[in-house]
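Q: Residue numbers (the working numbering), protein chains in the order written: chain A, 1 to 572; chain B, 1 to 240; chain C, 1 to 191.
Think of the CB as a built atom: it goes at the ideal place given N, C-alpha and C, for glycine as much as any other residue.
Just so it is clear, the structure is predicted and the values come from calculations on it, not from any experiment.
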Amino acid sequence: MSTLAPPLPETASAPVAWDAVREKFPAGSIIPQEGLDQPTWIVRREVLLDLARELRDNPATQFDLMLDLCGVDFPDRAPRFDAVYHLYSVPNAKRLRLKVPVGEDQPLPSLIPVWKAANWFERELYDMFGLQVTGHPNLRRILCHEGFQGYPLRKDYDAARRWILTEDKIYQPHFDLPAGADDMFERMTVNIGPSHPAMHGTFRLMAVLDGETIVASDVEIGYLHRCFEKMSETHNWQQVIPYTDRLNYCSSFINNVGYCRTVEQLLKVEVPPRAVWARTILSEFSRIMDHCVCNGSTLVDAGALSNFWYFFQPREEIYGLLESCCGARLTVSYGRIGGLSQDLPPDFMERSRRLLEIIPPFIEDVEKLIDKNRIWQDRTVGIAALSGEEAVNWGWTGPCLRASGVAYDVRRAHPYDLYDTVDWEVPVLYGGDVYDRYRIRMLEIRQSLKIIRQLLDRGMPEGPFITDDPHVALPPKEACYNQMEAMIYHFKLIMDGIQVPAGEVYSMVEGANGELGFYTISDGSSRPYRIKVRPPCFPIFSAFSRLINGGSLSDAIVSLGGLNVIAGELER
Amino acid sequence: MSQPLASDPMPSMPSTPPPGRPVLKNPYPPHPTSTRPYRPGLAERLYLPLLSGLMVTMRHFLKNLFGAKMYTIQYPEERRDYSHRFRGHHILTTRPDGSVRCVACFLCAQACPAECIQIEAGEHPDVNIEKYPVVYEIDMLRCIFCGYCVDACPEEAIIMSNNYDMAYFTREQSIVGKGDLMKPFTFDENLLGYRPRYPEEEAKRAKMRRDAFNLVDEAKKARAREELAAATAAKAGAGR
Amino acid sequence: MALKVLEDKDTSKIIGESWVTARFEDLEDWAQRNSFWPFPFGTACCAIEFMSTLSSHYDVARFGSEVVRFSPRQSDVLLVAGTINDKMAPVLKKIYDQMADPKWVISMGACACSGGFYRAYHVMQGIDEIIPVDVYVPGCPPTPEGLMYGILQLKERVSRDRKKHRALVARAAGQAQEEISDRVDARPASA
């Protein structure tokens, strides 16, 4: 295991070198925007492709990871839309945001030649906003169904307007395959899913099979598109929290934390130490839960059923802890903007310590059954292997990337909460295959247990569990019942909502699958103007065809499990 | 910052550069361009670790066979002990005279993300309690059991119980009205769930009240002592 | 199992008092309701809670659902767990149509019952837009015990429904076969 080198100190950051990059382009085509949370350039779409190539290849900038691409609709402005690119430089730990203003009929260049991650993001941009992208090989809807008309995330689209999908409009795949010379045997196109156990319920894989080998494949998603981003625009800031729960529902508390941190940055409100401590511990428990589900399901798909029962018992125990804190097992809604919704129960420390004793035996049981098992190794070693460089180009983050040899972890590169105050390692493996993705999750479970143990040893900080700013957090109930002032704040917060000052921020946490980012724009009102979730498994799953082509069908099933694609997060 | 492992294959980097030396531009290792898959050892290739796996399953099997504690909760005879914060079926609390405590302020309906609470307000004859809900309905099939209504209520009129046994045969049956939501005032604490005040906090508040009472008591006694001392001093002074 | 001890004195004289008789339909009902094989049409968070119900902590296999069959031909309860959106709707209808009679539908969770809090452009507001539902289990997600309560409620309904089904078939004896099956498919959701 190796650890990521700490980020370069600020003096070595190179805005000067970036200016040199900017000066290579015609004057006025790239304008820096000041005063935001990360460096932002407003770029004209004509220079976008060349700028992207330069940013990726120039050794001073090295933006090798395209994190996100989203659109924002400003109906009162011309040009109407902004296409916002978030870029990340893994070696330098630097971020850059590019904003490209485009009108309705102005196409953007496709950035697939620069970052393969752009493929599905551009399709989503087209689906949600109707922006054309030239040079895209497959520009069609990705999340909404084929019978859908209109572009839902535009501001003039009514949130409840539905379209029915009829049988004739369902997408039939079309593969352009060269006829082989020895093409004696028929090639068969097989449709797997979406209602298929190995497809985790909501993915559709269309594979052209030559015998048992997959010659070509296509993936269809969108079967769980629940319109999170539109719902966040129709609800106020506090009401979005239950929606975030259901993004990555296997580790729902991490989504709560990610979203609450974003809004807290916009509000510039400080979270009390007790809440930060509890958030870190419960995030790590949630991460353990998620890795249990991922590995358990993968093993079930491969036929190793006993491990599923072994893995679900730690989940049940962690459910007990979460339920004692907030009242729900799975979709907790425990975070609030400014802290937690309720104080920790008095037996929190004892329960957590007991969990630290209960969980390792189950993990060890599975390790003894599976780790050195030749049957499992034959199934997974070398399958769906992706090198680190290519994974970064595909936009991968999280355990799948760390299994390919790139030690990028948001908790280490951009520490938040208490992660830089405890002693833990970032596990890295170099195989890039399904076996290493399985192994790395087991190693991460152990690291999470280590983090929790240190935090518990440190002791629970005293103090409030939520900020006392009355414009952000509901006042405590005793004050509300007895004092008029508190009652008025309470009333205003419920009726009007939190008024978040205008601004935008991109904030990230390390979700169980990778970097979970929330790009949030506020216009100063009580409802978000735009929330874009950067789902970690979106770029990971976009590489699925690349991973399975040439392999057999059973390899495809196992490799899907190893990627830990959670549909709630993938399709929001 | 954690110390690198002793067996770390990477050269260890100092967390701050030593003084006087230039900071390296790129101490980060380049991304691997090829994969190095796991190389199984000889024992693994001979299927030998399968035996230790079989021992694991055999151990569980024998443990379960010969009277170990089973994890299974035999529902419906046994039920899991949920905490008293559980977010279950809602309860509309009542005043001592049996009428509903809710004053139809619409805060719960406003706070609900699912918009599942429908209230119609009516005028209450008592002028101190201006309004009451004539109709209070929760659509249980829309409800996401988030507890925002409980957080929003300023009267502690709506709380949640730890009842999760709900199943309906029709959509109409699932719209639960005021009568089904109200419970008599003397309900069992064990049946309650998510609500504003919990027993452990009652103890904390009782302790705070006791401490405050003790402080006031001591202050009074100290003042009485001072007055007595002042009075005796004055008498002694006057007497002289 | 509804056992009817013969009250008729003549018959009991003939065959003695150590026999009990029952109808074959009751035996059939008993077998049916104690061996529900669910088709877990799981899409979202409720599917995870369904996985918990299958696991050793709650173990729905105690109620006869030992195997979950992911094939519509081999299962009899369609357990829809999770949000169904407009893209998934044709798939759900196809699966429902492919299931063999007798079949029942349990709608688990707020999203499957009514769309939940997703009043949105891509989410179906309840699966009863396209298929008839027998039991609605609310919750988001419902606890495994809540789901098992729903399954137990369905078990009672199995008995009731079959009697009604028998009544319908007996009453409609002589009518065309399609008409009877139409009526069975469109049986009202209320008991």
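Just mark glutamate 179 of chain C as buried or exposed, buried being the case when its beta carbon has 16 or more other beta carbons within 10 Å.
A: The predicted model places glutamate 179 of chain C with a pLDDT of 42, which falls under 50 and marks its position as unreliable; any figure quoted below should be read in that light. Burial call: exposed.
Q: In terms of DSSP beta bridges, what is glutamate 586 of chain A paired with?
A: Summary: the structure shown does not reach residue 586 of chain A, with chain A confined to residues 1 through 572, and so no result is reported for it.
Q: At a CB-CB cut-off below 7 Å, which residues of chain A make contact with alanine 152 of chain B?
A: The answer, in chain order, is Ile494.
Q: Residue range of the alpha helix (DSSP H) that histidine 490 of chain A falls in?
A: Start and end: 484 to 495.
Q: Should serine 99 of chain B be labelled buried (16 or more other beta-carbon atoms within 10 Å of its own) or exposed?
A: Per the 10 Å Cβ criterion, exposed.
Q: When burial is assigned at 16 or more other CB atoms within 10 Å of the CB, is arginine 315 of chain A buried or exposed?
A: So arginine 315 of chain A ends up on the buried side.
Q: Across the stretch 427 to 443 of chain A and the stretch 380 to 394 of chain A, are there enough close Cβ pairs to call them in contact, namely three or more that are closer than 8 Å?
A: Result yes; three or more Cβ-Cβ pairs closer than 8 Å.
Q: Got a sec: is the Cβ-Cβ distance from leucine 147 of chain C to anything in chain A below 9 Å?
A: Chain A contact via Cβ: absent.
Q: Going along chain C in order, which residues have a C-beta closer than 8 Å to the C-beta of tryptophan 309 of chain A?
A: Neighbours of tryptophan 309 of chain A on chain C, chain order: Ser55 and Ser56.
Q: Beta-carbon of arginine 374 of chain A versus every beta-carbon of chain B: anything under 9 Å?
A: At least one chain B Cβ lies under 9 Å of arginine 374 of chain A.
Q: Can you find at least 3 beta carbon pairs, one from the stretch 165 to 176 of chain B and one from the stretch 328 to 337 of chain A, that sit closer than 8 Å?
A: Because the criterion of three Cβ pairs below 8 Å is not met, the stretch 165 to 176 of chain B and the stretch 328 to 337 of chain A do not touch.
Q: From what residue to what residue does the alpha helix (DSSP H) around phenylalanine 253 of chain A run?
A: Counting along the chain, the alpha helix (DSSP H) containing phenylalanine 253 of chain A begins and ends at 252 to 267.
Q: Between proline 107 of chain A and the rest of its own chain, which residues show a CB-CB distance below 7 Å, the 5 nearest in sequence each way excluded?
A: Closer than 7 Å at the Cβ level, and outside the excluded window around proline 107 of chain A, lie Gln132, Val133 and Thr134.
Q: So, helix, strand or coil for valine 169 of chain C, using DSSP?
A: The predicted model places valine 169 of chain C with a pLDDT of 44, which falls under 50 and marks its position as unreliable, so this point remains unresolved.
Q: Should lysine 63 of chain B be labelled buried (16 or more other beta-carbon atoms within 10 Å of its own) or exposed?
A: Exposed, because fewer than 16 other Cβ atoms sit within 10 Å of the Cβ of lysine 63 of chain B.
Q: Look at the Cβ atom of phenylalanine 145 of chain B, then the Cβ atom of glycine 139 of chain C, and state whether they are nearer than 9 Å.
A: It is a contact, given that the beta carbons lie within the stated cut-off.
Q: So which residues on chain C does tyrosine 148 of chain B lean against when the C-beta distance must stay under 9 Å?
A: Correct list: empty, because the minimum Cβ distance to chain C is about 11 Å.
Q: Residues in the same chain with beta-carbon distance under 6 Å from valine 410 of chain A, minus the five sequence neighbours each way, listed in chain order, please.
A: The answer, listed in chain order, is Met508, Glu510 and Glu515.
Q: In chain order, which alpha helix (DSSP H) runs of at least 4 residues are fully inside the stretch 24 to 108 of chain B?
A: Fully enclosed alpha helix (DSSP H) runs of 4 or longer: 42 to 45 and 49 to 65.
Q: In the DSSP output, which residue or residues are listed as bridge partners for methionine 66 of chain A?
A: Answer by DSSP bridge pairing, in chain order: A:Leu87.
Q: Would you say serine 52 of chain B faces chain A, with C-beta separation under 9 Å as the test?
A: Yes - at least one Cβ of chain A is within 9 Å of the one on serine 52 of chain B.
Q: Could you tell me the alpha carbon to alpha carbon distance between aspartate 555 of chain A and aspartate 378 of chain A, rounded to whole angstroms?
A: Cα to Cα, aspartate 555 of chain A sits roughly 10 Å from aspartate 378 of chain A.
Q: Once the 5 residues before and after tyrosine 118 of chain C are set aside, which same chain residues still bring their CB inside 8 Å of it?
A: The residues are Thr83 and Cys111.
Q: Locate the beta strand (DSSP E) running through proline 40 of chain C, then write down its first and last residues.
A: First-last of the beta strand (DSSP E) with proline 40 of chain C: 38 to 42.
Q: Taking CB distances under 9 Å as the criterion, tell me whether alanine 110 of chain C reaches chain B.
A: By this cut-off, alanine 110 of chain C is an interface position.
Q: Mind checking who arginine 534 of chain A pairs with in its DSSP beta bridge?
A: DSSP lists A:Gly517 as partners of arginine 534 of chain A.
Q: Taking the DSSP output, what are the residues bridged to aspartate 423 of chain A?
A: Its beta-bridge partners do not exist; DSSP assigns none.
Q: Excluding the 5 residues preceding and the 5 following phenylalanine 362 of chain A in the sequence, name in chain order all residues of the same chain whose CB lies nearer than 6 Å to its CB.
A: Cβ within range, chain order: Tyr310, Gln313 and Pro314.
Q: Taking methionine 487 of chain A as the reference, which of B:Glu155, B:Ala231 and B:Lys207 has the closest Cα?
A: Residue B:Glu155 is the option with its Cα nearest to methionine 487 of chain A.
Q: Is there a Cβ of chain C sitting closer than 9 Å to that of arginine 171 of chain B, yes or no?
A: Yes, contact with chain C.
Q: Mind reading off the beta-carbon distance from tyrosine 506 of chain A to aspartate 37 of chain A? Whole number of angstroms is fine, and I expect it under 8 Å.
A: At roughly 7 Å, the Cβ-Cβ gap stays under 8 Å, so tyrosine 506 of chain A and aspartate 37 of chain A are in contact.
Q: Name the two residues that bound the continuous beta strand (DSSP E) containing aspartate 139 of chain B.
A: Run containing aspartate 139 of chain B: 131 to 139, per the beta strand (DSSP E) assignment.
Q: Closer than 9 Å, CB to CB, is leucine 65 of chain B near chain D or not?
A: No chain D is part of this structure, whose protein chains are labelled A, B and C.
Q: Would you check if the distance between the CB atom of serine 324 of chain A and the CB atom of arginine 354 of chain A is smaller than 9 Å?
A: No.
Q: Residue range of the alpha helix (DSSP H) that tyrosine 96 of chain C falls in?
A: Where tyrosine 96 of chain C is concerned, the enclosing alpha helix (DSSP H) stretches over 89 to 98.
Q: Do you know how far the Cα of leucine 141 of chain B is from the Cα of cysteine 108 of chain B?
A: Straight-line Cα distance between these residues: approximately 17 Å.
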